[in-house]
Amino acid sequence: MYGYVIFQSTSTLPSGGLIKAVSNQARIMVEENSRELYLSISYPDLNFPGSKVLKTSDDIKKRELFDIESHEIQIEVTLTQDVDKILAESPKVYGSPDGYVPTVRVESSASASPPPNKGNKIVFANLKNGFSVEIKLNK
Numbered sequence: 002m003y004g005y006v007i008f009q010s011t012s013t014l015p016s017g018g019l020i021k022a023v024s025n026q027a028r029i030m031v032e033e034n035s036r037e038l039y040l041s042i043s044y045p046d047l048n049f050p051g052s053k054v055l056k057t058s059d060d061i062k063k064r065e066l067f068d069i070e071s072h073e074i075q076i077e078v079t080l081t082q083d084v085d086k087i088l089a090e091s092p093k094v095y096g097s098p099d100g101y102v103p104t105v106r107v108e109s110s111a112s113a114s115p116p117p118n119k120g121n122k123i124v125f126a127n128l129k130n131g132f133s134v135e136i137k138l139n140k
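In our numbering, the protein residues as written are 2 to 140.
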């Protein structure tokens, strides 16, 4: 099992792991066996909508932050190996708001030429509210 805490976009991670690059800050856990790869990701910045940076609680005024949802954000995770482009199961969400459905797809990175129906770039198109999204991928 591998755990990654990414503080900014990076295209160079230590060799020997399962992830090669990440397009934005994220917390990622990855586990593999001989046939599958499990990946769980969350975007740690809650990405709340706002017109200015909040510095103190007085900046909030009458805004009801207990019932606010974050903006969605896309994060791309490039793996060190190819996986099937079809997800083995629907993504699981932990702590999601009602009606939230994560959009996840597997693509081929521009620098790779994987076999047909394989890819190594996982695109999480709409991460939201800091909650974890877990996927299962077939190798």
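Quick reminder that beta carbons are idealized off the backbone N, C-alpha and C, glycines included.
Query raised in the report: Buried or exposed: which applies to Phe125, given that a residue is buried once 16 or more other Cβ atoms fall within 10 Å of its Cβ?
Result: buried
**Report entry** Those residues which DSSP pairs with Asn118 across a bridge
**Finding:** None; Asn118 has no bridge partner.
**Report entry** Alpha-carbon to alpha-carbon, His72 and Tyr101
**Finding:** 12 Å
Query - C-beta atoms of Leu38 and Lys129 nearer than 8 Å - result: No, the pair does not count as a contact, with Cβ atoms beyond the cut-off.
Report task. Please go through the same chain and pick out, in chain order, the residues whose beta-carbon is closer than 7 Å to the beta-carbon of Ala89, but skip the five residues on each side of it. Result -> For Ala89, same chain residues with a beta-carbon under 7 Å away, outside a window of 5 residues either side, are Glu37, Lys137, Leu138, Asn139 in chain order.
Query - Reduced DSSP secondary structure (H/G/I, E/B, other) of Asp46 - result: coil
Requested in this report: Determine which residues share a DSSP beta bridge with Asp99 and list them.
Outcome: DSSP output for Asp99 lists no bridge partner at all.
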